[in-house]
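2 protein chains.
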Amino acid sequence: MSTRVGIIGYGNLGRGVECAIKQNPDMELVAVFTRRAPESVSILTQTATVCKIDDIENWKGKIDVMILCGGSATDLPEQTPVYAKMFNVVDSFDTHARIPEHFDNVDKASKEGENVALISAGWDPGMFSLNRMYASAILVDGADYTFWGKGVSQGHSDAIRRIEGVKDAKQYTVPVEAALEAVRSGRNPELTTRQKHTRECYVVLEEGADATKVENEIKTMPNYFADYDTTVHFISEEELKKNHSGIPHGGFVIRSGKTGWNSENNHIIEYSLKLDSNPEFTASVIVAYARAVARLSKEGQSGCKTVFDIAPAYLSTKDGAELRKTML
Amino acid sequence: MSTRVGIIGYGNLGRGVECAIKQNPDMELVAVFTRRAPESVSILTQTATVCKIDDIENWKGKIDVMILCGGSATDLPEQTPVYAKMFNVVDSFDTHARIPEHFDNVDKASKEGENVALISAGWDPGMFSLNRMYASAILVDGADYTFWGKGVSQGHSDAIRRIEGVKDAKQYTVPVEAALEAVRSGRNPELTTRQKHTRECYVVLEEGADATKVENEIKTMPNYFADYDTTVHFISEEELKKNHSGIPHGGFVIRSGKTGWNSENNHIIEYSLKLDSNPEFTASVIVAYARAVARLSKEGQSGCKTVFDIAPAYLSTKDGAELRKTML
Chain A
46 MSTRVGIIGY
56 GNLGRGVECA
66 IKQNPDMELV
76 AVFTRRAPES
86 VSILTQTATV
96 CKIDDIENWK
106 GKIDVMILCG
116 GSATDLPEQT
126 PVYAKMFNVV
136 DSFDTHARIP
146 EHFDNVDKAS
156 KEGENVALIS
166 AGWDPGMFSL
176 NRMYASAILV
186 DGADYTFWGK
196 GVSQGHSDAI
206 RRIEGVKDAK
216 QYTVPVEAAL
226 EAVRSGRNPE
236 LTTRQKHTRE
246 CYVVLEEGAD
256 ATKVENEIKT
266 MPNYFADYDT
276 TVHFISEEEL
286 KKNHSGIPHG
296 GFVIRSGKTG
306 WNSENNHIIE
316 YSLKLDSNPE
326 FTASVIVAYA
336 RAVARLSKEG
346 QSGCKTVFDI
356 APAYLSTKDG
366 AELRKTML
Chain B
46 MSTRVGIIGY
56 GNLGRGVECA
66 IKQNPDMELV
76 AVFTRRAPES
86 VSILTQTATV
96 CKIDDIENWK
106 GKIDVMILCG
116 GSATDLPEQT
126 PVYAKMFNVV
136 DSFDTHARIP
146 EHFDNVDKAS
156 KEGENVALIS
166 AGWDPGMFSL
176 NRMYASAILV
186 DGADYTFWGK
196 GVSQGHSDAI
206 RRIEGVKDAK
216 QYTVPVEAAL
226 EAVRSGRNPE
236 LTTRQKHTRE
246 CYVVLEEGAD
256 ATKVENEIKT
266 MPNYFADYDT
276 TVHFISEEEL
286 KKNHSGIPHG
296 GFVIRSGKTG
306 WNSENNHIIE
316 YSLKLDSNPE
326 FTASVIVAYA
336 RAVARLSKEG
346 QSGCKTVFDI
356 APAYLSTKDG
366 AELRKTML
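The listed protein sequences correspond, in order, to chains A and B. Heads up: the first sequence runs through residues 46 to 373, numbered per my numbering. Heads up: the second sequence runs through residues 46 to 373, numbered per my numbering.
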């Protein structure tokens with residue numbers, strides 16, 4: 046029997062999860078839950094239902110894993126503990142600083158409901174975290190580096206859009222090639238914020254807006270841009286739609302470390318992602334972990350987990366013997 | 046209390062394990078077991094003993110994890126099942142085709158002895174296997190590529206040394222940059238053996254040997270060289286010692302896959318290693334998994350495991366809360 050999955054929240058991530066489920070024949074999307082009027086939400090999967098989020102309790106026992114696709118700022122801190130009492134859940138909570146608190150809340154709720162919860166699935170947190178952890182456990186004497194991009198930062202794009210005179214905008218975070226090369230050389234450089242990433246902005250102005258003023262406001266914006274070398278390109282609305290409507294992203298996790306009786310040998314471990322669609326890749330990671338969560342729950346486990354707690358084999362449709370034969 | 050480790054076999058890998066243990070304060074090397082006369086083996090760790098392999102049974106209960114550093118061709122298939130009856134063990138068995146059989150033998154023995162055994166730790170099999178598995182579980186619709194090098198192949202170097210007229214030799218396996226780029230482009234190319242790797246040989250001739258004949262014998266050697274573009278450099282013994290005495294290696298695991306309702310988006314996951322010392326890096330992976338094995342044994346588990354079966358957190362000295370706070 047396939048694993049019955051529900052989705053809460055049907056934005057880019059929810060749609061990504063829907064697409065990922067289609068690629069995994071052992072998974073089945075049964076329902077999408079929304080705060081909107083269900084009849085106004087049109088999904089791609091003909092065999093699934095769109096439901097009001099208020100009706101979710103009626104689905105207890107009919108869904109094996111619920112995937113929460115809301116935002117980390119306000120949705121998930123509230124939703125994940127609530128739904129972890131009713132269902133096995135997976136979320137992609139990505140506010141790194143608040144993970145310990147979120148974990149504790151979800152752990153309590155999921156134990157109460159005797160469910161398994163997995164938080165912070167995706168690529169950072171997620172696959173990048175895993176790679177930081179594996180690499181640092183192997184190369185004990187070393188340094189970690191994470192670079193992001195080239196990719197669209199939603200938060201930075203939003204910050205530009207809030208500036209007066211800006212009609213629309215897209216911001217790309219770009220890793221600095223020279224910094225990457227310095228890290229790969231094994232020299233363990235100390236890198237400033239400015240040395241690691243640049244920021245490229247594509248901006249559509251409102252009619253009559255002052256380009257110089259907007260550019261200056263972007264480049265001097267604290268936290269978002271002031272500490273970076275920032276480039277601003279003014280383009281037409283058509284150009285933005287044509288060339289910048291995708292949501293690509295990616296990045297690099299590099300560990301540089303030494304071994305040998307006198308630390309005489311250098312090693313570089315590098316993990317990188319080049320993603321056409323940030324939400325679809327995140328969704329693909331989530332769905333693999335949903336498989337693991339369903340299995341752990343069947344084994345009688347409960348409580349909150351992260352990617353660190355899941356043995357890799359749980360993610361695969363192949364059994365142990367097949368994995369050893371084909372992948373080891 | 047630290048984890049007490051024993052090493053069986055004191056070659057390059059055994060010495061690498063000794064160095065890795067020095068870097069991990071929670072681990073302690075207590076004894077090295079050898080087939081040679083113990084007084085003829087001089088190790089680096091002053092607090093550890095060198096013992097005859099025949100005395101190993103006296104160490105039951107005094108060693109938490111035994112690390113087997115013999116070869117995969119003849120040593121490990123015999124040794125790992127024998128010692129898994131007495132101790133928790135880790136090996137780096139790397140004959141991919143014989144892993145299922147080795148697993149079954151070790152599983153039986155370790156269950157009989159109520160010990161935990163982990164086989165095939167290292168980087169391939171090992172970290173490369175893990176990355177193949179994670180990436181294929183995430184990008185279900187895709188293709189896997191593994192490239193090795195640039196690095197020294199012991200087997201190919203040995204094959205050259207067996208040719209008449211050859212005094213010494215070192216062979217490097219080199220991935221073809223154009224093939225790597227084709228894979229990274231997301232085009233999922235079908236690559237022949239010749240298109241993926243080239244082979245570079247550095248050869249020292251015996252006095253009076255026929256260079257042309259040796260070069261021809263190398264280049265036409267079936268399995269080892271005939272299917273590759275092979276370059277042969279004749280150099281002096283001094284040059285070989287000076288420039289080719291290291292044991293570097295590395296490689297790339299790349300998964301290229303598609304997501305989206307109509308498979309419209311491409312993604313590339315790439316994991317790469319650049320290693321100054323193949324045995325020391327392998328040893329570092331082994332020691333991290335020895336930590337996991339000691340913990341699983343304390344939890345009361347037994348039987349044979351592979352890297353697929355171990356939750357990542359078991360490899361780290363940090364506890365769950367610390368991992369979530371610092372690495373997620």
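Here a beta-carbon is modelled for each residue, glycine too, at the ideal position from N, C-alpha and C.
- Take the alpha-carbon of Gly296/B and the one of Gly194/B: they are about 5 Å apart.
- No Cβ of chain B is located within less than 8 Å of the beta carbon of Thr238/A.
- Of the other Cβ atoms in all chains shown, 16 or more fall within 10 Å of the Cβ of Met372/A; this residue is therefore buried.
- By the rule that beta-carbons nearer than 8 Å mark a contact, Ala333/B touches chain A.
- Judged by DSSP in its simplified three-state form, Thr371/A adopts helix.
- Pairing Ser347/B with Asn150/B gives a Cβ-Cβ distance that is not under 8 Å.
- In the three-state reduction of the DSSP assignment, Ser301/A falls in the strand class, which pools E and B.
- Spatial neighbours of Ala188/A in its own chain (CB-CB distance under 8 Å, excluding positions within 5 residues in sequence) are listed in chain order as Asn233, Arg300, Ser301, Gly302.
- Excluding sequence positions up to five before and after Gln240/A, its CB lies within less than 7 Å of the CB of Val221, Ala224, all in the same chain and listed in chain order.
- In summary, Lys105/A is exposed, with fewer than 16 beta-carbon neighbours lying within 10 Å of its beta-carbon over all protein chains present.
- Sequence-ordered contacts of the region 275-295 of chain B with chain A are nonexistent [C-beta pairs closer than 7 Å].
- About 5 Å separates the beta carbons of Ser361/A and Ala182/B, which is inside the 8 Å limit, making them a contact pair.
- Interface annotation, Val75/B: not in contact with chain A, CB-CB separation never under 8 Å.
- Non-local C-beta neighbours of Thr327/A in its own chain, meaning closer than 7 Å and more than five positions away in sequence, comprise Leu58, Gly61, Ser137, Gly167, Trp168, ordered along the chain.
- DSSP, reduced to helix, strand and coil, places Ala65/A within a helical segment of the structure shown.
- Rounded to the nearest angstrom, the gap between the Cα atoms of Thr92/A and Tyr128/B is 55 Å.
- Contact annotation for Ala358/A against chain B: Phe353, Asp354 [CB-CB distance below 7 Å, chain order].
- For the region 283-328 of chain B, not one full-length alpha helix (DSSP H) segment reaches 4 residues or more.
- Counting only runs of 3+ residues, the beta strand (DSSP E) found wholly inside the region 192-239 of chain B occupies 211-220, in chain order.
- By the 16-neighbour rule on beta-carbons within 10 angstroms, Leu163/B is buried.
- With respect to Val110/B, Ala339/B sits close: the two C-beta atoms are nearer than 8 Å.
- Per the DSSP secondary-structure output, His242/A pairs in a beta bridge with Pro220/A.
- Take the alpha-carbon of Pro293/B and the one of Leu320/B: they are about 5 Å apart.
- Of Phe270/B, Val277/B, Leu236/B, the smallest CA-CA separation from Leu250/B is found for Val277/B.
- Interface annotation, Gly348/A: not in contact with chain B, CB-CB separation never under 8 Å.
- A distance below 8 Å separates the beta carbons of Ala356/A and Phe353/B.
- Within the region 331-373 of chain B, the runs of alpha helix (DSSP H) that reach at least 4 residues and sit entirely inside it are, in chain order, 365-371.
- Beyond the five residues adjoining it in sequence on each side, Val219/B comes within less than 8 Å, by CB distance, of Gly194, Lys195, His242, Thr243, Arg244, Glu245 in the same chain, given in chain order.
- Listed in chain order, the non-local C-beta contacts of Thr265/B below 7 Å within the same chain comprise Ala271, local neighbours out to five positions each way being set aside.
- Within the same chain, and ignoring the five residues on either side of Gly56/A in sequence, no residue has its Cβ closer than 6 Å to its Cβ.
- At least 8 Å separates the beta-carbon of Arg369/A from that of Ile101/B.
- The C-alpha of Ala118/A is placed about 7 Å away from the C-alpha of Thr140/A.
- Contact annotation: Val228/A and Lys215/A have beta-carbon atoms that are not nearer than 8 Å.
- The residues Asp213, Lys215, Tyr247, Val249, in chain order, have a CB closer than 7 Å to that of Leu285/B in the same chain once the five nearest residues on each side in sequence are set aside.
- One finds Thr304, Gly305, Trp306 in chain B with Cβ atoms closer than 8 Å to the Cβ of Cys64/A, taken in chain order.
- Pairing Gly200/B with Cys114/B gives a Cβ-Cβ distance that is not under 8 Å.
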